[in-house]
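Numbering-wise (this note's numbering), the sequence shown opens with residue -15 and increments by one.
The block underneath contains the structure these notes are about, expressed in structure tokens.
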Amino acid sequence: MEVIIKETYEAISQEAATIIREAILAKPTLVLGLATGATPLGLYGELIRIHRQEGLDFSRVTTFNLDEYLGLPADHPQSYHYFMQENLFRHINISPENVHTPQGTAPDPVAYCDRYEEEIQRAGGIDIQVLGVGSNGHIGFNEPGSSLGSRTRIKTLTRETIEHNARFFSSADQVPRFAITMGVATILESRRCLVLASGREKARAVAAFIEGPITSSVTASALQLHPRVTALLDEAAASRLKLREYYRWVYENKSAAQRWRAT
Ligand code: GLP
């Protein structure tokens, strides 16, 4: 895993945006996996800025979001559809038909989850998956105990996640108990993963998924099995990593041959 530690949240957001910008320039039909939560907001702000100022073209880009609350309609202000629309899609020139977010109100959600997997396949698979990390080490809504071989399905949220996400609702009672989420194995099939984490409250989860054992108790730890993961961390999120000085040294001393390809 490539671990990049930057001073600030703004710096990791910029670095992530640069990686995505380079990838779209190299492959205008890029398939992007996207995440919600507070963490990727800086990245989305940067992508909007690059689109406006440099004309970065999203017209042929396809997106797949990781997850959605079960039961929330797309126009619900706390749905992930709405979040993505407000924080990214309506500010860039993406084609609505290329945007995919799991449908929280699908009449047959179980069959729908299989269809979501098929749609990802039909699009040629995800080139870059953007990920945040829950404070319990989850990715998407793959709560502790999720199979590391899991695919898109319905998950029951933990009390901790419900409380963490209650800040977006009027109270914890309003937070749905279930979500549709890509599975851990779905995520691992992406060609590249970009994991962002910021703040001291993520430090424990970050240390666990990067340096701890691979375990379904910390589903992000499955990323250790992926050949191409970049973790972008601010100082606070990196503060519990034992090897953080080594990661810094590796990053500063990378030879040209070791730099990642754009796609
Ligand atoms: C939710 C989302 C995750 C996200 C996590 C962390 O549970 N399903 O995809 O990574 O929250 O959110 P935040 O970035 O707000 O800390």
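Here a beta-carbon is modelled for each residue, glycine too, at the ideal position from N, C-alpha and C.
Would you identify the three-state DSSP class for residue 176, choosing helix, strand or coil?
strand
Where does the unbroken beta strand (DSSP E) through residue 123 begin, and where does it stop?
Careful: residue 123 lies outside any beta strand (DSSP E) and carries neither H nor E.
With contact counted as at least three CB pairs below 8 Å, one residue from each stretch, are the stretch 39 to 56 and the stretch 69 to 88 in contact?
yes
Residue from 110, 159, 181, 137 with nearest C-alpha to residue 145:
Selected option, being the one with the closest Cα: 159.
Among 102, 184, 20, which residue has its Cα nearest to the Cα of residue 64?
20
Keeping to the same chain, check which residues put their C-beta closer than 8 Å to that of residue 201; ignore five residues upstream and five downstream.
121, 128, 129
If I measure Cβ to Cβ from residue 35 and keep anything under 6 Å in the same chain, skipping five residues before and after, which residues do I get?
The answer, listed in chain order, is 76.
Can you name, in chain order, every residue of its own chain whose Cβ lies under 8 Å from the Cβ of residue 8, other than the five neighbours on each side?
Cβ within range, chain order: 14, 40, 41, 42, 45.
Using the beta-carbon count (16 or more within 10 Å), is residue 94 buried or exposed?
exposed
Is the stretch 109 to 118 in contact with the stretch 157 to 174, if contact means three or more CB pairs nearer than 8 Å?
yes
Consult DSSP for residue 139 and reduce its assignment to one of helix, strand or coil.
strand
Environment of residue 140 [buried if 16+ CB atoms lie within 10 Å]:
exposed
Straight-line Cα distance separating residue 152 from residue 71
Rounded to whole angstroms, residue 71 to residue 152 spans 14 Å at the Cα level.
Please identify the residue among 135, 179, 205, -9 whose C-alpha is closest to the C-alpha of residue 102.
135
Check this for me: beta carbons of residue 23 and residue 118, under 7 Å apart or not?
Their beta carbons are not under 7 Å apart, which means residue 23 does not touch residue 118 by this criterion.
With burial defined as no fewer than 16 other Cβ atoms inside 10 Å of the residue's Cβ, what is the status of residue 216: buried or exposed?
buried
According to DSSP, is residue -14 part of a helix, a strand, or is it coil?
Strand, per DSSP.
Residue 161 versus residue 178 - alpha carbon distance:
27 Å
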